[in-house]
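Student: Under my numbering, the first residue of the sequence shown carries the number 201, and numbering increases by one thereafter. C-beta: ideal position from N, C-alpha, C; glycine also.
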Amino acid sequence: MAHPERDRAAPTARIVTCPCCGGDSIYAPSNAYRPFCSERCKQVDLGAWASEDFRMPAETPPGDAPRGDSYLPH
Numbered sequence: 201m202a203h204p205e206r207d208r209a210a211p212t213a214r215i216v217t218c219p220c221c222g223g224d225s226i227y228a229p230s231n232a233y234r235p236f237c238s239e240r241c242k243q244v245d246l247g248a249w250a251s252e253d254f255r256m257p258a259e260t261p262p263g264d265a266p267r268g269d270s271y272l273p274h
């Protein structure tokens, strides 16, 4: 017999692509490393950020904008 209340409370696990290795990863609370598939992939990604292999794009102010603390984007 189905238990609708229990089924509604349990989130469905999704399979996503691991951003590090490209393998399948379970995106659910049961996977402590989500969205990664393993601790290794999570650590590799963290190491890449720490080594500055990844960077956030910097916004360049327009050429006629004042420089320094007075620059506020519109």
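DSSP three-state label for D253, please.
Tutor: For the purposes of this step, residue 253 is identified with residue 53 of the sequence shown, where counting begins at 1. In this structure, D253 counts as coil in the three-state DSSP scheme.
Student: Under the rule that 16 or more other beta-carbon atoms within 10 Å means buried, what is S225, buried or exposed?
Tutor: As a position in the sequence shown, residue 225 is number 25, starting the count at 1. That one is buried.
Student: Quick one: using the 10 Å Cβ neighbour count with 16 as the cut-off for buried, is F236 buried or exposed?
Tutor: Start at 1 with the first residue of the sequence shown, and residue 236 comes out as number 36. Buried, because 16 or more other Cβ atoms sit within 10 Å of the Cβ of F236.
Student: Between T212 and R234, what straight-line distance do the alpha-carbon atoms span, to the nearest angstrom?
Tutor: The residue given as residue 212 occupies position 12 in the sequence shown. The residue given as residue 234 occupies position 34 in the sequence shown. Whole-angstrom Cα-Cα distance: 14 Å.
Student: If distances are taken between C-alpha atoms only, which option among A258, R214, T260 comes closest to Y227?
Tutor: Taking the first residue of the sequence shown as position 1, residue 227 is located at position 27. It is R214.
Student: Compute the Euclidean distance between the alpha carbons of Q243 and A258, then round it to the nearest angstrom.
Tutor: Residue numbering aside, residue 243 sits at position 43 when the sequence shown is read from its first letter. Residue numbering aside, residue 258 sits at position 58 when the sequence shown is read from its first letter. Their backbone Cα atoms lie some 25 Å apart in a straight line.
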